[in-house]
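Below is one structure; the comments refer to it alone.
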Amino acid sequence: AQNQPTLARDVTAFAVGADDEPEPVPGVDEFERRGLGVEHPEAETLEFVDAGHGLWFVVGPDGECRDVACEGGLVLGIQPDAAYRRESVPFPRGSRLIVFSDGLPEQRNPDGEQFGRDRATKALRSSKAPRDDVVALARAVRDHAETDSLSDDLTIASVAYVAE
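Just so you know, the sequence shown maps onto residues 3 to 166 in the working numbering.
Listed below in structure tokens is the structure:
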């Protein structure tokens, strides 16, 4: 808990410092999309920087799925001195943070139509827990694609902010 205030003040510096990583491994994508968030329980907010596509939702305790609009920033590793903007969203107890790779919204069906963010929010309507979020999104994108062989990676993570 003692480190949280320092991290919160330096959340943008931390994202920039993440570029100072070891040399890339041959055959591995050298650019990285990353976000960093710091939860502030007193203010019920999530402060973050987004280095990538801004691919995430917040589901509130009321079950409403909100597509978080954020400025984002360059993918890590492209420009060493890139600036990242600190942003925040409401994040009260009972909220869930759902992050995903671009393989989810960009997955196409046999007619070439992308899955998109609207279908993702609809898939989350009946979810009540992180595991449900992951299962619902994975099932919905595969149903949309009409195959288990997706055209891109599919990474989904969901975490809940629960009472202590």
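Yeah, the Cβ is synthetic: ideal placement off N, Cα and C, and Gly gets one too.
So what does DSSP say about Pro-92, is it helix, strand or coil? The residue given as residue 92 occupies position 90 in the sequence shown. Residue state, collapsed to three classes: strand.
Tell me whether the beta-carbon of Asp-145 lies closer than 8 Å to the beta-carbon of Ser-103. Taking the first residue of the sequence shown as position 1, residue 145 is located at position 143. Taking the first residue of the sequence shown as position 1, residue 103 is located at position 101. Result no, Cβ atoms of Asp-145 and Ser-103 do not sit closer than 8 Å.
Give me the Cα-Cα distance between Ala-140 and Ala-131, rounded to the nearest whole angstrom. Numbered from its first residue, the sequence shown carries residue 140 at position 138. Numbered from its first residue, the sequence shown carries residue 131 at position 129. Rounded to whole angstroms, Ala-140 to Ala-131 spans 14 Å at the Cα level.
Among Gly-114, Pro-112, Ala-142, Gly-79, nearest to Ala-125 - alpha-carbon criterion: Start at 1 with the first residue of the sequence shown, and residue 125 comes out as number 123. Closest option to Ala-125, Cα to Cα, is Ala-142.
Could you give the residue range of the beta strand (DSSP E) that holds Ala-53? The residue labelled residue 53 in the question sits at position 51 within the sequence shown. Unbroken beta strand (DSSP E) run through Ala-53: 47-53.
Relative to the C-alpha of Val-164, which candidate in Pro-94, Glu-148, Asp-120, Gln-109 has its C-alpha closest? Translated into positions along the sequence shown, residue 164 becomes position 162. Comparing Cα positions, the closest option is Pro-94.
Determine whether the beta carbon atoms of Arg-68 and Val-161 lie at a separation below 8 Å. For this step, residue 68 is matched to residue 66 along the sequence shown. For this step, residue 161 is matched to residue 159 along the sequence shown. Their beta carbons are not under 8 Å apart, which means Arg-68 does not touch Val-161 by this criterion.
Below 6 Å CB to CB, which residues in the same chain sit around Glu-25 once its five sequence neighbours on both sides are set aside? The residue you call residue 25 lines up with position 23 of the sequence shown. For Glu-25, the predicted structure reports a pLDDT of 43, less than 50, and the residue's modelled location is therefore unreliable. The matter cannot be settled from this model.
Identify the residues that DSSP records as bridge partners of Ile-100: which are they? For the purposes of this step, residue 100 is identified with residue 98 of the sequence shown, where counting begins at 1. DSSP lists Phe-59, Ser-160 as partners of Ile-100.
Note the first and the last residue of the continuous beta strand (DSSP E) segment covering Asp-69. Numbered from its first residue, the sequence shown carries residue 69 at position 67. Counting along the chain, the beta strand (DSSP E) containing Asp-69 begins and ends at 67-69.
On the criterion of 16 or more Cβ atoms from any shown chain inside 10 Å, does Asp-31 qualify as buried, or is it exposed? Along the sequence shown, one-based indexing puts residue 31 at 29. Confidence is the limiting factor: at Asp-31 the pLDDT is only 41, short of 50, which leaves the residue's position unreliable, though a coordinate-based value still follows. Flag for Asp-31 reads exposed.
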